[in-house]
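Numbering (UniProt numbering), first residue to last: 1 to 152.
Where a beta carbon is used, it is the ideal one built from N, C-alpha and C, also for glycine.
It should be emphasised that the depicted structure is a prediction, and the values quoted were computed from it without experimental measurement.
Following: one structure in structure tokens, then a few remarks.
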């Protein structure tokens with residue numbers, strides 16, 4: 001599916017006040033994982049209180065043991081420190097990569113900002129090598145901007 005076609009669905013879903021924030025986050029994960037064929041795992045990690053670690057809050061795809069990720073560790077932990085998008089075309093080429101599944105070939109992580117502060121991120125794994133483009137980056141930045149609007 002065209003990523004731009006998902007934008008109105010995503011926005012509508014996030015504005016569904018009859019669902020809790022966590023339910024909406026899970027629905028976003030489900031929507032993206034089901035509608036984008038190379039988004040094999042989609043999750044949201046958020047800063048875990050005042051600790052220098054991320055905690056998994058919502059996801060779609062295979063369950064992961066990586067529900068807590070220390071800052072600096074893996075792609076997600078690096079994004080927590082750098083505040084910058086991180087696209088990994090081939091995870092085998094990364095030294096500081098945490099393997100979630102033997103099927104994962106590529107990963108993209110986009111930080112989520114609220115009032116200028118990096119409070120979390122969207123993390124997407126793909127079973128394909130090098131599937132992510134600038135269009136994915138721009139789309140996922142849009143997703144995070146929309147998600148930021150519903151966070152307390």
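The beta-carbon separation of residue 108 and residue 132, rounded to 5 Å, stays under the 8 Å limit for a contact. In terms of CA proximity to residue 117, 79 leads the group 79, 12, 62. Counting the other Cβ atoms within 10 Å of the Cβ of residue 15 gives fewer than 16, which makes it exposed. Within the same chain, and ignoring the five residues on either side of residue 85 in sequence, the residues whose Cβ sits closer than 6 Å to its Cβ are 110, 137.
Partner residues in the beta bridge of residue 125, as assigned by DSSP, are 41, 107. Here the alpha carbon of residue 33 sits roughly 21 Å from the alpha carbon of residue 68. Around the Cβ of residue 112, a 10 Å sphere holds 16 or more other Cβ atoms; the residue is buried. In the pairwise beta carbon analysis, the segment 123-132 is classified as touching the segment 41-48: at least three pairs are separated by under 8 Å.
Counting only runs of at least 4 residues, the segment 17-102 fully encloses the following alpha helix (DSSP H) elements, listed from N- to C-terminal order: 21-35, 74-82. Within a 10 Å sphere around the beta-carbon of residue 26 sit 16 or more other beta-carbons, which makes this residue buried. Annotation for residue 148: 112, 113, 114 place their beta carbon closer than 7 Å to its own, counting only its chain and skipping 5 residues before and after. Pairing residue 24 with residue 37, the inter-Cα distance amounts to about 21 Å.
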